[in-house]
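Asker:
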Amino acid sequence: AQTVTQSQPEMSVQEAETVTLSCTYDTSENNYYLFWYKQPPSRQMILVIRQEAYKQQNATENRFSVNFQKAAKSFSLKISDSQLGDTAMYFCAFMKQIFGNEKLTFGTGTRLTIIP
Amino acid sequence: DTEVTQTPKHLVMGMTNKKSLKCEQHMGHRAMYWYKQKAKKPPELMFVYSYEKLSINESVPSRFSPECPNSSLLNLHLHALQPEDSALYLCASSQLRLAGGHDNEQFFGPGTRLTVL
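These protein sequences, in sequence, are chains A and B. When the letters of the first sequence are read in order and numbered with the numbering used here, they come out as residues 4 to 119. When the letters of the second sequence are read in order and numbered with the numbering used here, they come out as residues 187 to 303.
(1) By alpha-carbon positions, which one of Met92/A, Ile118/A and Ala75/A ends up nearest to Val51/A?
(2) If you follow the beta strand (DSSP E) that Tyr28/A is in, where does it begin and where does it stop?
(3) Run through DSSP, which three-state label would Leu87/A get?
(4) Using DSSP's beta-bridge definition, name the partner residues of Ala96/A.
(5) Assign Asn290/B to buried or exposed, taking buried as 16 or more other Cβ atoms, counted over all protein chains shown, within 10 Å of its Cβ.
(6) Could you give the residue range of the beta strand (DSSP E) that holds Asn256/B?
(7) Could you pull the DSSP bridge partners for Asn243/B from this structure?
(8) Tell me which residue opens and which closes the beta strand (DSSP E) that Tyr221/B is part of.
(9) Are the CB atoms of Thr202/B and Ala266/B within a distance shorter than 8 Å?
(10) So, at 6 Å on beta carbons, what are the nonlocal neighbours of His263/B in its own chain, with the 5 sequence-adjacent residues on each side left out?
(11) Would the beta-carbon of Lys81/A fall within 8 Å of that of Thr23/A?
(12) Using C-beta distances below 6 Å, list every residue in its chain close to Thr301/B, excluding the 5 sequence neighbours before and after it, in chain order.
(13) Comparing the C-beta of Gln60/A with each C-beta of chain B, is any distance below 8 Å?
(14) Decide if Asp29/A is buried, meaning its Cβ has at least 16 other Cβ atoms within 10 Å, or exposed.
(15) What are the residues in the stretch 257 to 276 of chain B lying within 9 Å of chain A by C-beta distance?
(16) Going by C-alpha distance, which of Met213/B, Glu210/B and Glu270/B is nearest Arg249/B?
(17) Give the interface partners of Glu32/A over in chain B, defined as CB-CB distance under 8 Å, in chain order.
(18) Between the stretch 214 to 225 of chain B and chain A, which residues of the former have a C-beta closer than 9 Å to a C-beta of the latter?
(19) Indicate the three-state DSSP secondary structure (helix, strand or coil) for Glu20/A in the structure shown.
(20) Roughly how many whole angstroms lie between the Cα atoms of Thr108/A and Gln86/A?
(21) Within a Cβ cutoff of 7 Å, which residues of the same chain sit near Gly297/B, ignoring the five residues on either side of it in sequence?
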C-alpha cells in the first residue's frame with residue numbers, strides 16, 4: 004500500500020516570500036503520478052501541479068514548482084512570491100499509473116497562511 | 187466547461203431521512219468519484235465509477251448507495267445515516283487513459299456539507 008506523509012501540519016509566511024512544503028511517500032511502484040492540490044477555505048479542491056514519475060524534469064506552473072527526488076521519494080512544493088490568495092490547505096497526493104485504478108492517496112495536509 | 191457541480195451545497199437531515207447528493211460534469215470524463223472529508227482531514231475515497239460501472243467500493247456502509255445514471259451524472263443516496271457521517275462530501279471526475287496518459291488528474295466539485303442530527 005502507498006503512504007503519503009506531510010510532516011508540516013501548519014506553516015505561515017509573509018506575503019511575497021517563498022515557502023516550501025514538504026511531502027514524502029512510500030511505494031514499490033516504478034510508474035506513478037504525484038499531485039499537489041490546494042483547498043482554500045471555500046472548500047473547493049484545486050489542482051496546483053502534477054508530476055509524472057518517469058519525467059526527470061521538475062514540473063513548474065507559474066509561481067509553483069516542485070522538487071521531485073524519485074530515489075528519495077520526496078516531492079516538495081515551492082511557492083514563490085506568495086500571495087494572500089495562496090492561503091489554503093495543501094494536500095500532496097499519489098496515484099498509481101494503472102489504467103482503471105485512478106485512486107488518489109492523500110497526505111494529511113499542510114495548512115498554509117500568508118500573512119499580509 | 188471545466189466544472190464539476192454538486193447539489194445541494196448544504197444538507198441537514200435526521201437519522202431516519204432519505205436524501206440524495208447529486209454531482210454533474212460535462213467534460214466528457216468517464217471516471218467519477220465520491221469522497222468523504224472530515225474537518226481538518228484529507229479526503230477519503232468512497233466509490234469510483236468507470237464507464238458508468240462501479241469499479242471501486244472502499245468498504246463503505248450500505249447506508250450510502252451510489253448511482254451513476256449516465257456518464258455525466260453521479261448520485262449518492264443516503265438512508266439511515268449516523269451523526270458520525272456528518273462531513274463534506276466531494277465529487278470528482280477524470281479522464282480514463284491507458285497507462286502513460288497525461289490528463290488523468292481529478293477535478294473536484296465544491297462539495298456538499300452534510301449534517302446528520
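Where a beta carbon is used, it is the ideal one built from N, C-alpha and C, also for glycine.
Answerer: Let me lay it out:
(1) Working through the first sequence from its first residue, we reach residue 51/A at position 48. Selected option, being the one with the closest Cα: Met92/A.
(2) Numbered from 1 along the first sequence, position 25 holds the residue referred to as residue 28/A. It spans Thr27 to Asp29 - the beta strand (DSSP E) in which Tyr28/A sits, taken as one unbroken run.
(3) What you label residue 87/A is simply residue 84 of the first sequence in a count that begins at 1. For Leu87/A, the secondary structure class from DSSP, reduced to helix, strand or coil, is helix.
(4) As a working note, residue 96/A is residue 93 in the first sequence. In the DSSP output, where bridge partners are listed per residue, Ala96/A has Phe38/A and Phe109/A.
(5) On the second sequence, position 104 is the one that residue 290/B refers to. Buried.
(6) For the purposes of this step, residue 256/B is identified with residue 70 of the second sequence, where counting begins at 1. That run of the beta strand (DSSP E) goes Phe250 to Asn256.
(7) In the second sequence, the residue the question calls residue 243/B occupies position 57. Per DSSP, Phe233/B.
(8) The residue you call residue 221/B lines up with position 35 of the second sequence. Its beta strand (DSSP E) spans residues Ala217 to Gln223.
(9) Taking the first residue of the second sequence as 1, we reach residue 266/B at position 80. Taking the first residue of the second sequence as 1, we reach residue 202/B at position 16. Annotated as proximal: Ala266/B and Thr202/B, with beta-carbon spacing under 8 Å.
(10) Taking the second sequence and counting its residues from 1, one reaches residue 263/B at position 77. Around His263/B: Ser206 and Ser251.
(11) By one-based count along the first sequence, residue 81/A stands at place 78. By one-based count along the first sequence, residue 23/A stands at place 20. Yes.
(12) The count along the second sequence starts at 1 and reaches residue 301/B at position 115. Non-local beta-carbon contacts of Thr301/B in its own chain, meaning distances under 6 Å to residues more than five positions away in sequence, involve Val198 and Ser272 in chain order.
(13) Reading the first sequence from its first residue, position 57 is the one you call residue 60/A. It does not: the Cβ of Gln60/A has no partner Cβ on chain B nearer than 8 Å.
(14) Translated into positions along the first sequence, residue 29/A becomes position 26. Its Cβ having fewer than 16 others within 10 Å, Asp29/A is exposed.
(15) Answer set for the stretch 257 to 276 of chain B: Leu274 and Leu276.
(16) Here residue 249/B refers to the residue found at position 63 of the second sequence. Arg249/B has its Cα closest to that of Glu270/B, out of Met213/B, Glu210/B and Glu270/B.
(17) Reading the first sequence from its first residue, position 29 is the one you call residue 32/A. Chain B residues near Glu32/A: none, gap ~11 Å exceeds 8 Å.
(18) Ala217, Tyr219, Tyr221 and Gln223
(19) On the first sequence, residue 20/A is found 17 positions in, with the first residue counted as 1. Three-state result, Glu20/A: coil.
(20) Walking along the first sequence from the start, residue 108/A turns up at place 105. Walking along the first sequence from the start, residue 86/A turns up at place 83. Computed Cα separation, rounded: 28 Å.
(21) Translated into positions along the second sequence, residue 297/B becomes position 111. Closer than 7 Å at Cβ, skipping near neighbours: Gln192, Leu274, Tyr275 and Leu276.
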